[in-house]
Structures are given as structure tokens and as C-alpha cells.
Amino acid sequence: MRELRYREALREAMLEEMERDDRVFLMGEEVGHYQGAYKVSEGLLEKFGDRRVVDTPIAEAGFAGVGIGAAMVGLRPIIEFMTWNFSFVAFDQIISNAAKVYQMSAGAIAVPIVFRGPNGAAKQVASQHSHSCAPFYAHIPGLQVIQPSTPRDAKGLLKSAIRSNNPVVFLEGETLYGVKGEVPDQGEEELIPIGESRLARPGTDCTIVTWGRPYYTVMAAAEKLAADGIECEVIDPRTLRPLDTSLMVKSLMKTNRCVIVHEHWPYGGPGAEIVDRLQREAFDYLDAPLERVTSLDVPMPYALNLEDKVLPTEQRVIDAVKRVSYAK
Amino acid sequence: MAKIIGLPKLSPTMEEGTLVAWTKKEGDQIEVDDLLAEVETDKATMEFRSFDRGVLLKILVSEGETLEPDVPVAIIGKAGEDISDLLAKVEAGATTAPAAETAPAKEAESATRAEPAMAEAEPAAPSAAEPGLRRDGERILSSPLVRQLARERDIDLRHVRGTGPQGRIIKRDIESYRGPGAAVARAPVGQRPEPRVEKASSMRRTIARRLTESKQTVPHYYLTIDADIGPLAEAREAMNAALEAQGEKVSLNDLLIKAAAVALRRVPEVNASWIGTEIHHHQVVDISVAVAIDEGLMTPVVRDADRKGVAEIAREVRDLAVRARDKKLQPEEMTNGTFSISNLGMFGIEEFAAVINPPEGAILAVGTIRTEPVVQDGAIVPGRRMRFTMSCDHRVIDGATGARFLAAFKEIIENPLTMLL
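Put into C-alpha cells, the structure is as follows:
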């Protein structure tokens, strides 16, 4: 094992897959000569040339559509959105084409494409550029939706996403690119299966399900709660569609309580979906209502003090865990 | 709004009723508690009274029909109201099960006087003296986990005090629940005296370890024999009379040590140990004697007991016991016995089974002398009896072998002179 930054892990995943399979190519705004807006694609143009690392105009609907067409005829495109906020311009391509063609062609035409890019709030980029997009895409049958929290998961899941024969929405944390973490050594190929959750922290008293940026908020809160005698078990689903609740149910049977923490609005969304499944799959094991800690139900404010309030905070996580634990 | 009126269940056991006669007709104004019809049930002819106010818009069954409870019998509503939808429902086979059970809340006062038979069936209200006990019918708030646990453990949640929001019973309440009434009787755990914790002495730990090892690894079995102790007691008296001049005495136990040693010579298979995969047949008879001391138990060894006189054994045992209590025994004086004797007769214990002292193959447990009637030559005479239980290691001593030993031992103590043979 060695330490890599999240962005380096992603770059390695693309580089390894492009070396392995010459049908794989990267396309998006500033991915080539500028080396990527967040430097994820640094060095790839030099290595693979401009037929496989393609700079595009500012035209998301256009290059998303080109990518879908390329996938339909046998290539394996990686489409980078400079941020997922800009994917809304390409929403129709993703929803109406990428997610539907396989079904509408009665299985004759697969769309093996990966849409990836930074997602979620960064710092003071205000309401239009702070979207955490998983709920929009996880709603759609026909898509796979992945949101890795750690460098290791980022690499292992992006490799699996590139190899998937389904259209994949791959949501990277805009604030996580610099995060360091252990990643298997070069030459030790790790493919993390899509649709498999991970036990991130073992515990006995309360289950917390979280992913993306709040993963780190939760891990810090769990340490503070441990000092108060509440040992939290943290589970990262990693993939939001298909959603794997098996570990959550197993954990819930032990802890009898669960808090779901995510950087999405509360209305609908993966947290609500998880609550629904857990209350059915583990009803007889619940000792307290399931709770969610989410972004507040408002457009993201620009003011930093307000932005901090809208995103899930450590204190809100601690309060929710104590509530479901009936602890003071 | 018009509603369908079903045949009420007029007694708890009523499975059907015959509508004997309507006392109202279509178009009549009905007040709450008005008599609508007479219904013959399994018990008697009962009055069918209205829970509702309104106009009897439609009679659905004719007199003489036998019906199950909740079958629609009438429609009550406002005069002139359109009841075609309700009639369609009746056609479709609707019953009024929910409506028949609960009168509208605003008419609760009439509901309480519904049917006397129903009131009888209600269980008595619990006594108010029991805290945490809820009245029947009061909703018990509890988590799904608690309901599941209550089912599994057969706990009546009415007795469990809830400490969650709004008194919800949560996991920790059911985990700390000790049974009905226990909440009153038991002080909180924190206020109960804690056990006194004592660090075990090294002797205690050794005893614990060795006896656990023995019971866990040695396949014990037990043989009990009852013997006439009269002859041995008489022999002891004779010996003590002879020893009086020297100021010495022998105890019955000393004689039993000697008898066991002689018996071991006669059935030498019992004088053996299982060691590893070998059976060690001992060529000496060294008897370990269990001695109770304040902190536990010691087993000093009388060497060559088969070759020593009883008086010598008596002197040795006394010396060993005194030094055991003073903790002056040397380790070699407590090891390498070949057979053990343990005696609890002085406490009135009739018989007991002792734990083998490995690697010895057996231990003989000696009970008290019982004076009791025995049959001798067809007559009942006073007898003095003693019971011996030998615990054997089955790896070296089979049942028949152990039994032969006890038979020899009994023969010796019932004929003490044979010790000299």
C-alpha cells in the first residue's frame, strides 16, 4: 500500500484502463492541453495523444451526445464534466439517451460510457454551482451511480465503471481531490465491484451510513462520540444505484439504530430510499426512528457562515446519533 | 351522510342471530339508543338499539332471516339522501365490520352503554398501585425491537416502564426489566451492595487450576459401597486401650488408611496412574490424605502405608496435619501419592464424590458413621454403617476393577484382623 491523493487515484484508474483497452478515451472541457480543470487528467494527453484525450468546446449537450454515440458503436468513452453542475445542460442526453437506449433497442445496443467530474459544494461557489447531484441520477433506472469517498474507492470503482457495459454516473468530491489515502501498489490491480458497500468503521452502538464529503465529517464525529462512550459503525455504500443495504441491515441488527448523513437535500433522494429499505428489511430490530442528517432544504447561500450551516456539520451528526441512542 | 348499519354482535359468543322483528319501519326518525329490532341469539332474544341518529332509509333484511354479525341490515341517513352507492356496496357484499365495532367518537357516551355482555368481557383494570402498569386499552409506545423482544421473551409490555420520548419503551428498558412488580421491589442496581472482591491466593489458584484440569481431563466415574463399621470401631477401641499407656490414640480414619493400603496391595490395578499414553503401576502404596486448612486443602502423603502399623500411621497423619495447618510441609511431602482418601464424616456427610488428585487413579470419599437398624441373620439389630464412594479414572481403572477393590476394602474393614494377613 502507498498513499495517493484522490485525484492521483482517479488519474491512475484512467491511465491503466486506457493502456489496457484502446477503445477507452477521455473527452471534455480542458481535459487535454490544460491538463484538467482539477488536474485529474494531467499527463494523459502527452501519453495518449489527442485522438484519445479530446478537448471540447463549452457544449455539454454536444459532447455528452457524441460520447453516447461513440459508446453505441463500440467505443468506451469517459466524459468529463468540468463540474456536475454543468451536466444539467446535458441532462436530456444522459436521461433520454444514455439511460434508455439499451432498453429501447431491446438489448441490442449497450452504452458503456462513464460520465465523471467534480460534484457537490466546494467553497462559496453559491447556489448554481454547489449541487450534489446523486439524487437526480440515482432516480433513473438504467444508470449506475457511484460516489466514492476515499482514494482507494475512487480508483477501484472508476476502473470498474470504465469496464461496465452500463452508463455510469461517477460523482467525484470537488473538495476531496487533495485527500490522501491508502491505495494498492502499482501492479496490484484492484477492481471494486459496483453495488457493494463498505464497512468503514466498526462499532456497536449506532450505525451511520454516509458517503462523499460528509464521510469525513462523520468519521470525525464518530471519534468524538466514542469519547462519550458511543461506538458508531460507519458504512459507506459507495454505489448509490444499485444500492447495497446488506451491510446496513446487518449492522442495524446489532446497533438497533441508524443515522444517514448525506450532502443532498432531504426531499426524496438516497437517504429517503435507504430509510425506506431499512425500515422494511430490519423493522423488528429498530429501537429508534431512523434519522437523516442532510443539507438544509434551501438553495446554497453564498455567505460562508451560512454555507457552513447548510452542509451537514459534525455537531448535527453528533446530535442525531445521541437522539437515536436516547443519550443526553 | 348515510351509513350502512350492520347486525351487531350482541353477545361475545354470538356467531349468528335471527332478526325476529323490526320495531321501526323505513322513513322513521331514529334517535341514538332507539330500539331498531329484536334479534334472537344463541343466548336469548336481545334488543338491537341504534348507535346513530337519522332516518331509517332502507331495511335490507326481512324478519326471520338468520345472519352473521356485521352483515348489513339497514341504512340510516338524512331524509331524501341518495343511497344508491351504499346499496351498490351492499350488493357487492360489503360488511360493516369496522363501523359496527366503533361508534362515532362524538357519540361515545352511547357507546359506553352499548351491550352489557361486552362490558363483562373486559378484563379488570389493573391496580393503580403498580407503577409503570398501563391500563388496558391505553396505547403502549414501544420500539419495533422491543415488541419483537417482548414476543420472544413473553413479556407483557404493560408492566415495563418506558424511558424514551413520551414514555416509549426502548431497548434498555426491556434489557433492565426484571419481571412484573420487580420495579418496586428492587432498588436501582447502583445502590445494591457490590460483591466483595478478593484476590485469590496462590494456593487457591493452584487448587482451582488442578481441580478444573482434573474434572475436565480425567473421565471420572463413581462407585459407592456401604459397610458395617462395627468391627473396625471395636478394633479401634481395643487398640486405643492398648495404646493408652503410651498416651497415644488411633482414629477410625487411620484404620481406614491402613485398610485402603492393604486393599491396594490385594487389587494392585487400582494403584496406578495414566500418564501420557502409559499406565504406571506403582510399586509403593503412598496414600494422600486430604486435610482441610483455612485457605483451602492440602494432601500430605503417608508413604508405604501398607507396610506401616496403624499407630505409626496415626502419628504420621497427626504430624502431617499439624504441619499442613502451620504451612510447614515440604513440597515433596505433598506430592507423588498413589491414592487419596478424603473424609467429611466429621461434618455428618453421609456420602460424597471427590475429585481425583491427578495423576492418581482414584480417591476414596468417606462418609459419617450412621447408627441404624440392619438385618442380621433375619433379625433387625442396631448397626453402625459407613458409606464409601470411590472416584475412579476410567482410563486406568475399569468398573469391575474398581468394584473388586471396594469389595476387598469392605471385606477388610468388616474383618479387621485380615489386615494382618
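Line by line, the protein sequences give chains S and Z. To convert, note that position 328 of the first sequence is 328 in our numbering; the numbers rise steadily by one, no gaps. Add 1000 to a position in the second sequence, counting from 1, and you land on the number used in our numbering. Glycine included, every Cβ here is placed at the ideal spot set by N, Cα and C.
Candidates the options, of which the one nearest residue i by Cα
{"i": "residue 1144(Z)", "options": "287(S), 272(S), 328(S) and 35(S)", "result": "287(S)"}
{"i": "residue 1336(Z)", "options": "1303(Z), 1147(Z) and 1220(Z)", "result": "1303(Z)"}
{"i": "residue 1089(Z)", "options": "1079(Z), 1074(Z), 1290(Z) and 1080(Z)", "result": "1074(Z)"}
{"i": "residue 1388(Z)", "options": "1365(Z), 1317(Z) and 1259(Z)", "result": "1365(Z)"}
{"i": "residue 312(S)", "options": "220(S), 92(S) and 169(S)", "result": "220(S)"}
{"i": "residue 258(S)", "options": "222(S), 239(S), 242(S) and 241(S)", "result": "222(S)"}
{"i": "residue 1279(Z)", "options": "1372(Z), 1338(Z) and 1016(Z)", "result": "1338(Z)"}
{"i": "residue 1289(Z)", "options": "1296(Z), 1281(Z) and 1301(Z)", "result": "1301(Z)"}
{"i": "residue 1165(Z)", "options": "256(S), 325(S), 216(S) and 78(S)", "result": "325(S)"}
{"i": "residue 1283(Z)", "options": "1277(Z), 1270(Z) and 1291(Z)", "result": "1270(Z)"}
{"i": "residue 1239(Z)", "options": "1309(Z), 1216(Z) and 1160(Z)", "result": "1309(Z)"}
{"i": "residue 253(S)", "options": "180(S), 111(S), 19(S) and 279(S)", "result": "279(S)"}
{"i": "residue 109(S)", "options": "119(S), 74(S), 96(S) and 285(S)", "result": "74(S)"}
{"i": "residue 1409(Z)", "options": "1146(Z), 1228(Z) and 1162(Z)", "result": "1228(Z)"}
{"i": "residue 1076(Z)", "options": "1057(Z), 1358(Z), 1154(Z) and 1092(Z)", "result": "1057(Z)"}
{"i": "residue 303(S)", "options": "168(S), 187(S) and 124(S)", "result": "124(S)"}
{"i": "residue 274(S)", "options": "224(S), 207(S), 306(S) and 307(S)", "result": "207(S)"}
{"i": "residue 1085(Z)", "options": "1372(Z), 1148(Z), 1003(Z) and 1162(Z)", "result": "1003(Z)"}
{"i": "residue 49(S)", "options": "18(S), 107(S) and 3(S)", "result": "18(S)"}
{"i": "residue 1256(Z)", "options": "1267(Z), 1015(Z) and 1233(Z)", "result": "1233(Z)"}
{"i": "residue 116(S)", "options": "102(S), 218(S), 147(S) and 202(S)", "result": "147(S)"}
{"i": "residue 1159(Z)", "options": "1153(Z), 1406(Z), 1022(Z) and 1179(Z)", "result": "1179(Z)"}
{"i": "residue 1052(Z)", "options": "1397(Z), 1029(Z), 1156(Z) and 1418(Z)", "result": "1029(Z)"}
{"i": "residue 1061(Z)", "options": "1036(Z), 1054(Z) and 1042(Z)", "result": "1036(Z)"}
For residue i: DSSP bridge partner residues
{"i": "residue 1037(Z)", "result": "1022(Z) and 1048(Z)"}
{"i": "residue 1144(Z)", "result": "The partner list for residue 1144(Z) (beta bridge, DSSP) is empty, contrary to what the question assumes."}
{"i": "residue 1222(Z)", "result": "1391(Z)"}
{"i": "residue 182(S)", "result": "3(S)"}
{"i": "residue 117(S)", "result": "171(S)"}
{"i": "residue 1029(Z)", "result": "1055(Z)"}
{"i": "residue 144(S)", "result": "168(S)"}
{"i": "residue 77(S)", "result": "25(S)"}
{"i": "residue 1072(Z)", "result": "1006(Z)"}
{"i": "residue 1382(Z)", "result": "1373(Z)"}
{"i": "residue 1278(Z)", "result": "1275(Z)"}
{"i": "residue 293(S)", "result": "261(S)"}
{"i": "residue 1163(Z)", "result": "According to DSSP, residue 1163(Z) bridges with nothing at all."}
{"i": "residue 1365(Z)", "result": "1342(Z) and 1389(Z)"}
Closer than 9 Å to chain B by CB, residue i
{"i": "residue 1167(Z)", "result": "Judged by its chain identifiers, the structure shown contains no chain B, and its protein chains are S and Z."}
Contacting positions in the segment 281-298 of chain S - beta carbon closer than 7 Å to chain Z = Listed by position, the residues of the segment 281-298 of chain S near chain Z (Cβ gap below 7 Å) are 283, 284, 285, 286, 287 and 288.
Kindly confirm or deny that the segment 236-253 of chain S and the segment 1004-1012 of chain Z touch, where touching means at least three C-beta pairs closer than 8 Å.
-> Verdict: no, contact absent.
Contact the segment 151-169 of chain S vs the segment 8-17 of chain S: 3+ CB pairs below 8 Å = The count of Cβ pairs closer than 8 Å, one atom from the segment 151-169 of chain S and one from the segment 8-17 of chain S, reaches three, so the stretches are in contact.
Should the segment 253-273 of chain S be called in touch with the segment 286-304 of chain S, which here means at least 3 C-beta pairs below 8 Å?
-> They touch, by the three-pair rule.
Check whether the segment 174-183 of chain S touches the segment 219-236 of chain S, taking contact to mean three or more Cβ pairs, one atom from each stretch, closer than 8 Å.
-> Contact between the segment 174-183 of chain S and the segment 219-236 of chain S is absent: fewer than 3 CB-CB pairs across the two stretches fall below 8 Å.
Given 8 Å, three or more beta-carbon pairs between the segment 122-141 of chain S and the segment 185-201 of chain S = No contact exists between the segment 122-141 of chain S and the segment 185-201 of chain S.
Given 8 Å as the limit, is there contact between the segment 1407-1419 of chain Z and the segment 1250-1265 of chain Z, that is, 3 or more CB pairs closer than that?
-> Counting Cβ pairs under 8 Å, three or more are found: they touch.
Mind listing which residues of the segment 1300-1328 of chain Z have their C-beta closer than 8 Å to chain S's C-betas, in chain order?
-> Within the segment 1300-1328 of chain Z, no residue has a Cβ that lies closer than 8 Å to any Cβ of chain S.
Along the segment 1136-1151 of chain Z, what residues have a CB closer than 8 Å to any CB found in chain S?
-> Those residues of the segment 1136-1151 of chain Z that come within reach of chain S (Cβ to Cβ, closer than 8 Å) are 1143, 1144, 1145, 1146, 1147 and 1148.
Evaluate contact between the segment 1194-1211 of chain Z and the segment 1379-1398 of chain Z, counting only Cβ atoms and requiring at least three cross-stretch pairs below 8 Å.
-> Counting Cβ pairs under 8 Å, fewer than three are found: no touch.
Quick one: which residues of the segment 252-276 of chain S get their C-beta closer than 8 Å to a C-beta of chain Z? List them in chain order.
-> So the list reads 256, given in the order they occur along the chain.
Short-range partners of chain S found in the segment 1362-1379 of chain Z, where Cβ spacing is below 8 Å = Residues: none.
Could you please tell me which residues of the segment 209-231 of chain S, in chain order, have their CB closer than 7 Å to any CB of chain Z?
-> Correct list: empty, as no residue qualifies.
Contact between the segment 115-131 of chain S and the segment 85-103 of chain S: three or more CB pairs below 8 Å?
-> They touch, by the three-pair rule.
Could you tell me whether the segment 1239-1258 of chain Z touches the segment 1311-1329 of chain Z, where touching means 3 or more Cβ pairs closer than 8 Å?
-> Output reads yes: the segment 1311-1329 of chain Z touches the segment 1239-1258 of chain Z.
Segment contact flag, the segment 91-102 of chain S with the segment 60-68 of chain S, C-beta cutoff 8 Å, min 3 pairs = Here the segment 91-102 of chain S lies against the segment 60-68 of chain S, with 3 or more beta-carbon pairs under 8 Å apart.
Just list the alpha helix (DSSP H) runs in the segment 197-250 of chain S, keeping only unbroken ones of 4 residues or longer that don't cross its boundaries, in chain order.
-> DSSP runs (the alpha helix (DSSP H)) wholly in the segment 197-250 of chain S: 214-227.
The segment 307-328 of chain S: positions lying closer than 7 Å to chain Z by Cβ | Those residues of the segment 307-328 of chain S that come within reach of chain Z (Cβ to Cβ, closer than 7 Å) are 326.
Are the segment 1146-1158 of chain Z and the segment 1168-1181 of chain Z touching, with three or more C-beta to C-beta distances below 8 Å?
-> Counting Cβ pairs under 8 Å, three or more are found: they touch.
Contiguous alpha helix (DSSP H) assignments of at least 4 residues, all confined to the segment 34-101 of chain S | As far as the segment 34-101 of chain S is concerned, its whole alpha helix (DSSP H) runs of at least 4 residues are 44-48 and 60-72.
Are at least three pairs of beta-carbons, each pair with one atom in the segment 76-84 of chain S and one in the segment 30-37 of chain S, less than 8 Å apart?
-> Judged by pairs of C-beta atoms under 8 Å, the segment 76-84 of chain S touches the segment 30-37 of chain S, as three or more such pairs exist.
What alpha helix (DSSP H) runs, 4 residues minimum, are completely inside the segment 1234-1311 of chain Z?
-> Counting only runs of 4+ residues, the alpha helix (DSSP H) found wholly inside the segment 1234-1311 of chain Z occupies 1252-1266, in chain order.
In chain order, what residues of the segment 1328-1359 of chain Z put their CB closer than 9 Å to some CB of chain S?
-> Those residues of the segment 1328-1359 of chain Z that come within reach of chain S (Cβ to Cβ, closer than 9 Å) do not exist; the list is empty.
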